[in-house]
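In the order they appear, the protein sequences are chains D and S.
Going by this note's numbering, 293 is the number at position 291 of the first sequence; the sequence numbering is gapless.
Going by this note's numbering, 150 is the number at position 141 of the second sequence; the sequence numbering is gapless.
Cβ coordinates follow ideal geometry from the N, Cα and C atoms, glycine included.
Quick notes on the structure that follows.
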Amino acid sequence: MKRVAVPVAIVVALALVPRFAIDVPYVFGGGLNTPGTLQLLALCLMFGGLALSYDLLFGFTGLLSFGHALYFAVGVYVAAIAMTRWHWSFWQAVLFTALVGFLLAVVLGAVSLRVSGIAFAMVTLAFAQAGSILVLKNPNGWTGGEEGFGVDYHQLPAWAVGIFNTKNLYWLALGYAAAVFAIVRWAVNSSPGHVWQAIRENELRVQVLGLKPYTYKLMSFVLASLLATAGGIIYLLLLGGANTEVTTASFTLTLLLMVVLGGTGSRWGAMIGGILYTYADHRLGDLSSSHAVSTLPSVFRTPLQQPLFILGVLFILVVFFVPGGLTRIGQVGVRLDRILRKPAVQEEIT
Amino acid sequence: MSTFLLLTITGLGLGAMYFLVASGLSLIYGLMGVLNFAHGVFITVTAYALWFTESKLGGVPVLPRFLIAAVVGLIVAVVFAALTELVLIRPLYGRHIEQVLVTVGLALSVTALVTAIWGSDARVVVAPTWVGETTTIFGAHIPNDRWLEIGTAVVVLFGLEAFLRRTRYGLIVRAGVENRAMVTALGIDVRKSFTLVFMIGGLAAGIAAVLYTLYSTTIDPQQGTSLVIFAFIVVVIGGLGSIRGTAWAAVIVGLVQQYANYYASSGLGDLSVVLLLGIVLIVQPGGLSRRFA
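So this is what it looks like as structure tokens:
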């Protein structure tokens, strides 16, 4: 009972946020119910859900993909193109996008899962890169090339347009995060979910038991990709346009950063990682232009202007000293101890 | 015919650079099981060290200035690669995923740092004039840097082969790629060769960076990453851990990219390379090295 009550209570509490006009100094730029703050919170929640969809692959199935951005970008670009270039209605565009995302995940997943481990990582990276190149090439003038393009807001539902409706988008993003959480929880506890975790632990043993890891890995891949595609549609509504940033390899790498920072193979960890990372990424940018930083000598100021530098360094520190991610920070002492004592020969025999 | 010849030589030149980047990646992976995502950073660091040195040597004539800057760039690449291995990879032995994660973090943060210091705009590198001129062969005007790229890659290929086949260290590296546990059991500390392999990989990537600045005459923070993505494709097509497979795959990828870009449509070359990768994976998931090596 408690396992359901806690997430539900959190969702209800978060759903009430737009109702409060409280000012939270330093943490946010404005009051809690201002469009700016709600937009940032909505982005955080959306990335929390997206990070969890990535963790389904990486943390729960043990598949290191460098191409998750591709399926997110499908959500952003296909929906935007269908509405803006072909003038389809919102729901038609959503259905079509889901179909494209599904088929692409099945086909590319089936090909790239023919190799495993690091080769799988490289192959997914290559496919995502193909998507990125295609978007930059701007076929038929659909994708807008390097600049991206704004979605035709006439096709969007009325509740999703305008600054006044930011609270609706916030609820939508909250709904997405909650749905991803519930779906991942259900999937991981289902019988294929147990096989996924068994594959992560020892794929050979799963094979010896007479199960085909390939089919199960493909299931996990397609589900994670579909969740990412859904996230892409939410992102499109939140930002009102498509940009090339979401197609790049760096985008997938930031997802990896979120998941590892928060804690792999843990639903709360991935989600909190995504939320904190997005928050830090945006607020550090504001911080670097603030008065306190601009008076610093340039040796300190220059690195602070790039949030990715700080987050990248933090990421390396977490990998070294907090292997379970920030949600398992209690184990720091143990790990430090292990690093400081010179390790005995612990070469693994494979 | 002259166009075909130009495309072929340019494709080979491109393949040469892919080989230089991919050979280091492939060796590091083969021996240590580490996918070195920071390989692109080796390229970026070399290119910026080269550009920085050049900009500091204002009064020196172009050719010696470029050579000095290139040597400085290569030294920086080797030192940076060695430090990466010693500081970041070494404490995480046997934990492959964590090692990959650390190189990802390094790649992102160094790229961000370079962007913060020198901006994201491209910087112009002054190349010696001979490199920018063309040589005419059978009616085709071939830019001279192509010969330099192909020649250097051939020298590096033979150098690597000689190192791996004729020296004691090469023997340990090759044996380590085959079966690391067995080499350790024979009383040889394989880990010493890890730093060496990283330095070789860093040197090869540095040479690729110098050649690439000659080829494009500009540098920017993202260049290394984009070059490394094609190197990844080359490594997978060639078969992980095989130098000869990597060389063949680099030539094929370079040529396919050039031909498709010219004969089909510009930009299609990159996509056809990914398509090629898909076909190789379906037909022969282990890569080409099964055939060639």
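The beta carbon of D:Leu310 sits closer than 7 Å to some beta carbon of chain S. Assignment of S:Arg99 by DSSP, reduced to helix, strand and coil, places it in the helix class. Taking 8 Å as the Cβ-Cβ cut-off, the region 83-109 of chain S approaches chain D at Leu97, Pro100, Leu101, Tyr102, Gly103, His105, Ile106, Glu107 and Val109, given in chain order. Within chain D, no residue has its beta carbon less than 9 Å from that of S:Pro230; the closest one is some 10 Å off. Against D:Pro305, the close residues of chain S are Leu122 and Ala125, in the order they occur along the chain (beta-carbon pairs closer than 7 Å). Boundaries of the alpha helix (DSSP H) around S:His105: His105 to Trp127.
From the beta-carbon of S:Ile242, the residues of chain D found nearer than 9 Å are Met124, Val125, Leu127, Ala128 and Gln131. Listed as beta-bridge partners of D:Gly152 by DSSP are D:Gly243.
If you ignore the 5 residues before and after S:Gly185, its C-beta comes within less than 7 Å of the C-beta of Leu40, Val192, Val199 and Ser202, all in its own chain and listed in chain order. Among the residues of chain D, those whose CB is under 8 Å from the CB of S:Leu286 are Val125 and Ala128, following chain order.
CA-to-CA, the gap between D:Met273 and D:Leu54 works out to about 6 Å. Annotation: the continuous beta strand (DSSP E) that includes S:Thr144 extends over Thr143 to Ile146. Against chain D, the CB of S:Asp154 has no partner CB under 7 Å away; the residue lies outside that interface. Assigned with DSSP and collapsed to three states, S:Ile228 falls in strand. Closest in C-alpha terms to D:Leu310, from the list D:Gly327, D:Arg303 and D:Gly287, comes D:Gly287. With contact defined as three or more Cβ pairs closer than 8 Å, the region 84-100 of chain D and the region 171-181 of chain D are not in contact.
Assigned with DSSP and collapsed to three states, S:Val133 falls in strand. For S:Pro294, the chain D residues whose Cβ falls inside 7 Å of its Cβ are Arg116 and Val117, in order along the chain. Contact with chain S is absent for D:Ala272, since none of that chain's Cβ atoms lies less than 7 Å from the residue's Cβ. Across the region 127-161 of chain S, no CB contact with chain D closer than 7 Å is found for any residue. Against chain S, a Cβ distance below 8 Å from D:Leu136 picks out Leu280. Straight-line measurement puts the Cα of D:Leu241 at about 51 Å from the Cα of S:Glu187.
Residues of the same chain with a CB within less than 6 Å of the CB of D:Thr280, apart from the 5 flanking positions on each side, are Leu45, Cys46 and Phe49 in chain order. Taking C-beta atoms as the reference points, D:Val186 and D:Leu328 fail to come closer than 7 Å. Contact note: D:Lys214 does not reach chain S at a C-beta cutoff of 8 Å; the least C-beta distance is about 16 Å.
Between D:Ala128 and S:Ile242, the C-beta spacing is below 7 Å. Rounded to whole angstroms, the gap between the alpha carbons of S:Val237 and D:Ala15 is 46 Å. Taking a beta-carbon distance threshold of 7 Å, D:Leu255 counts as an interface residue toward chain S.
For S:Ile37, no CB of chain D lies under 7 Å from its own CB, so it is not counted at the interface with that chain.
DSSP places S:Asp154 in the helix class (H, G or I) of the three-state scheme.
D:Asp25 is bridged by DSSP to D:Gly33. With respect to the 7 Å criterion, D:Gly69 and D:Ala130 are classified as neighbours on the basis of their beta carbons. Under a criterion of Cβ atoms nearer than 7 Å, the residues of chain D adjacent to S:Val111 are, in order, Ile318 and Val321.
DSSP lists S:Ile146 as the bridge partner or partners of S:Ala149. Per the coordinates, the alpha-carbon of D:Lys139 lies some 37 Å from the alpha-carbon of S:Leu97. Nearest neighbour of D:Phe74 by Cα position, chosen from D:Val10, D:Asn191, D:Thr304 and D:Ser134, turns out to be D:Ser134.
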